[in-house]
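Following: one structure in structure tokens, then a few remarks.
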Amino acid sequence: MLNEFRALFMKHTVVTRNHLTPELALRLITSASPLWSSPAENSPFVDPYWAFYWPGGQAVARYILDNAEAVLHRNVLDIGCGCGAGAIAAALKEAKLVVANDIDIYAVEATRMNADLNKIVNIQTSTNNYIGTKCEQFDTILIGDMFYDEEFGQYLFNWLSEMTRHRKTILIGDPGRHGLTDARRRQMALLATYQLTNETRRENHGFSQTTVWRLKE
Ligand SMILES: C[S@@+](CC[C@H](N)C(=O)[O-])C[C@H]1O[C@@H](n2cnc3c(N)ncnc32)[C@H](O)[C@@H]1O
């Protein structure tokens, strides 16, 4: 199954640096990929979230690359890793432990392949569902673009708030999705704002910038 996925991944994605972290080469489906303009039924993938580099994930990875102290010697869990950029950035900036996590096994595989592409070996992967668990192994949690749904957003935010009470650092990347309500933003400190590339703007209609937040204790 994974061998077949790897072959399809290589066939249908292209290597791109046209995003906020050009230090990282990532295999993605972009407007240069034939699949981009094909009817959905021609796609061999079901909901390939991992094939896109979401604005929220771009913000978290950019922040880490510019602020290595955010992850240096820390135990980092990238939840909903998608293409893996947040985890790859953390590994590059010498986190002690990096686990790239996604409940989609293909996202985890895409992450492994993107890590290889960037010659990064110190990343572990997991398909566990960590949300709602104690995450005792970790002191830093990365969340890239996971507030796209109100109900899930509430569940996720409540759990992340609980995690801050256990002294974990929570970094959230988000371009302004409705799940990150004003009430929730008031419980966070804004760390950085980035302007999206034209390519990412085209892929994410209506968004021109993206932000990184730290959840307050
Ligand atoms: C919008 S994508 C963001 C991907 C990546 N963080 C980025 O910003 O490019 C959300 C990802 O979260 C994953 N996901 C959803 N629920 C999850 C859960 N409970 N645990 C881990 N990953 C989850 C999805 O499979 C998907 O890959």
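First residue of the sequence shown? That's -6 in this note's numbering, and the numbers climb one at a time after it.
Glycine included, every Cβ here is placed at the ideal spot set by N, Cα and C.
Source: prediction; values computed, not measured.
(message) Considering only DSSP beta bridges, list what ILE163 is partnered with.
(response) By one-based count along the sequence shown, residue 163 stands at place 170. Note: ILE163 sits in a beta bridge opposite ILE134.
(request) Alpha carbon to alpha carbon, how far is GLU16 from THR145? Give it in angstroms, no decimals. (result) Numbered from its first residue, the sequence shown carries residue 145 at position 152. Numbered from its first residue, the sequence shown carries residue 16 at position 23. Note on identity: in this sequence residue 145 is Phe, with Thr being the wrong assignment. Going from the Cα of PHE145 to the Cα of GLU16 covers about 32 Å.
(request) May I ask which residues mark the beginning and end of the beta strand (DSSP E) holding TYR187? (result) Your numbering for residue 187 matches position 194 in the sequence shown. 181 to 188 is the extent of the beta strand (DSSP E) around TYR187.
(message) Here's a check: name, in chain order, each residue in its chain whose Cβ is nearer than 6 Å to the Cβ of LEU208, leaving out the five neighbours to either side.
(response) Mapped onto the sequence shown, residue 208 falls at position 215. The residues are LEU153, THR157, ILE163 and MET181.
(message) Applying the 10 Å Cβ sphere with the 16-neighbour rule, what's the burial state of PRO168?
(response) Position 175 of the sequence shown, counting from 1, holds the residue named residue 168. The residue is buried, with at least 16 neighbouring Cβ atoms inside 10 Å.
(request) Can you tell me which of the three DSSP states TRP29 falls into? (result) Here residue 29 refers to the residue found at position 36 of the sequence shown. TRP29 falls in the helix class under three-state DSSP.
(request) Can you grab the Cα-Cα spacing for the pair THR104 / ALA176, in whole Å? (result) Position 111 of the sequence shown holds residue 104. Position 183 of the sequence shown holds residue 176. Those two C-alpha atoms are separated by around 33 Å.
(request) Would you list the one or two residues that DSSP bridges to ASN94? (result) The residue you call residue 94 lines up with position 101 of the sequence shown. Beta-bridge pairing links ASN94 to ILE72 and SER119.
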